[in-house]
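If you count by numbering that gives the first Met the number 0, then the sequence shown holds residues 0 to 284, one letter each, in order. All C-beta atoms, glycine included, are put in the ideal place defined by N, C-alpha and C.
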Amino acid sequence: MSRAPDTWILTADCPSLLGTVDVVTRYLYEQHCYVTEHHSFDDRLSGRFFIRVEFRQSDDFDEARFRAGLAERGEAFGMLFELTAPKHRPKVVIMVSKADHCLNDLLYRQRIGQLSMDVVAVISNHPDLEPLAQWHRIPYYHFALDPHDKPAQERKVLQVIEEAGAELVILARYMQVLSPELCRKLDGWAINIHHSLLPGFKGAKPYHQAYNKGVKLVGATAHYINNDLDEGPIIAQGVESVDHSHYPEDLIAKGRDIECLTLARAVGYHIERRVFLNANRTVVL
Numbered sequence: 000m001s002r003a004p005d006t007w008i009l010t011a012d013c014p015s016l017l018g019t020v021d022v023v024t025r026y027l028y029e030q031h032c033y034v035t036e037h038h039s040f041d042d043r044l045s046g047r048f049f050i051r052v053e054f055r056q057s058d059d060f061d062e063a064r065f066r067a068g069l070a071e072r073g074e075a076f077g078m079l080f081e082l083t084a085p086k087h088r089p090k091v092v093i094m095v096s097k098a099d100h101c102l103n104d105l106l107y108r109q110r111i112g113q114l115s116m117d118v119v120a121v122i123s124n125h126p127d128l129e130p131l132a133q134w135h136r137i138p139y140y141h142f143a144l145d146p147h148d149k150p151a152q153e154r155k156v157l158q159v160i161e162e163a164g165a166e167l168v169i170l171a172r173y174m175q176v177l178s179p180e181l182c183r184k185l186d187g188w189a190i191n192i193h194h195s196l197l198p199g200f201k202g203a204k205p206y207h208q209a210y211n212k213g214v215k216l217v218g219a220t221a222h223y224i225n226n227d228l229d230e231g232p233i234i235a236q237g238v239e240s241v242d243h244s245h246y247p248e249d250l251i252a253k254g255r256d257i258e259c260l261t262l263a264r265a266v267g268y269h270i271e272r273r274v275f276l277n278a279n280r281t282v283v284l
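In structure tokens form, the structure reads like this:
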């Protein structure tokens, strides 16, 4: 479901208490705001409530006054909320290595308006994809990785991210393990994509390993990064069936397609404020 261009997004979470839906929807009604989309979820295991509402503003809408009023109403519930203005386009930095399929797909979806974001920089440890970024008129930063001084390279990466004012970092097949320090700084606002194969094939040529095992499913997982390699909170997953007729190159091609679609879906959920972190899990509304 795509977001309407004239709606605000209100997201909030708090402990599970009686009246959590009412405190949000009644306040919107009193402010003469028209709700166009509403989703909520109460997690009975964690005891937390999550809500996402899209609404059209009233004629006399004042953002500062709206925020102050909602903060006062939600204080008794321990409610934390975010308000996103219509047509807001978050600044995004994409990190890549040599594979271009996810980068190309994200830039295409941005260009046609499917993903409402502004890619402000592409960072890579290889120079290969600079022509693609240049064609889209996006600054490209090539920071070669010195295996004896990885922190120096990551300091340059973080400097670009901070100076660009990025609100989201996308690891679009960036084939380097980030340090614990950088993972902590990007926790909750950096999305990674990787293949999902059972059994879990690690190391070189995972699809060739999968072929030798005769796998029947290939897929991809998009998740927030953390210090546990490829084990951050999952946002989206995709899977397709394969059979004995799929050779390694067929598995690789199908895997590329699934990676593109799954990553784009996860990025869309994030920029539309549909993802809530719930301990080590996510709630996607």
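- With fewer than 16 other Cβ atoms inside 10 Å of its own Cβ, residue 43 counts as exposed.
- Counting only residues of its own chain and dropping the five nearest sequence neighbours on each side, residue 49 has a CB closer than 7 Å to the CB of 12, 39, 40, 275, 282 and 284.
- In the structure shown, residue 201 adopts coil according to DSSP, grouped into three states.
- With a cut-off of 8 Å on Cβ pairs, the region 86-95 is in contact with the region 164-176, counting three or more such pairs.
- Non-local C-beta neighbours of residue 190 in its own chain, meaning closer than 8 Å and more than five positions away in sequence, comprise 167, 168, 169, 170, 221, 222, 223, 224, 234, 262, 265, 266 and 269, ordered along the chain.
- Between residue 240 and the set 231, 232, 257 and 108, the nearest pair of CA atoms involves 257.
- Between the region 102-113 and the region 176-183 there are fewer than three C-beta pairs closer than 8 Å, too few to call the two in contact.
- Runs of the beta strand (DSSP E) lying entirely within the region 213-279, each at least 3 residues long, are 216-223, 233-240 and 274-277 in chain order.
- Across the set 272, 253, 231 and 192, the C-alpha of 231 shows the shortest separation from the C-alpha of residue 280.
- For residue 35, the enclosing beta strand (DSSP E) starts and ends at 33-42.
- Apart from the 5 residues on each side of it in sequence, residue 54 sits with its Cβ closer than 8 Å to the Cβ of 6, 7, 9, 27, 32, 33, 34 and 35 in its chain, given in chain order.
- Listed in chain order, the beta strand (DSSP E) runs fully inside the region 132-210 are 139-141, 167-170 and 189-195, counting runs of at least 3 residues.
- The shortest CA-to-CA distance from residue 29 to any of 56, 99 and 98 is the one to 56.
- In the three-state DSSP reduction, residue 48 falls in the strand class (E or B).
- Cβ contact annotation for residue 174 (same chain, cutoff 6 Å, sequence separation greater than five): 96, in chain order.
- Sixteen is the threshold: when 16 or more other Cβ atoms of the shown chains lie within 10 Å of the Cβ of residue 193, as they do, the residue is buried.
- For the pair residue 199 and residue 218, the CB atoms are not nearer than the 8 Å cut-off.
- Residue pairing by DSSP puts residue 120 in a beta bridge opposite 92.
- Residue 14 sits in a strand when the DSSP states are folded into three classes.
- Cβ neighbours of residue 226 within its own chain (closer than 6 Å, five residues either side excluded): 179 and 182.
- In this model, residue 37 and residue 149 are separated by some 45 Å (Cα to Cα).
- Taking the Cα of residue 82 as reference, the smallest distance to any Cα among 209, 75, 64 and 98 is reached at 64.
- Per the coordinates, the alpha-carbon of residue 15 lies some 10 Å from the alpha-carbon of residue 77.
- Taking the CA atoms as reference points, residue 86 sits about 19 Å from residue 80.
- As computed with DSSP, residue 54 is found in a beta bridge with 7 and 34.
- In this structure, residue 214 lies near residue 196, with their beta-carbon atoms less than 8 Å apart.
- In this structure, the beta-carbon distance from residue 122 to residue 140 falls below 8 Å.
- Counting along the chain, residue 81 sits inside no alpha helix (DSSP H); it lies in the beta strand (DSSP E) bounded by residues 79-83.
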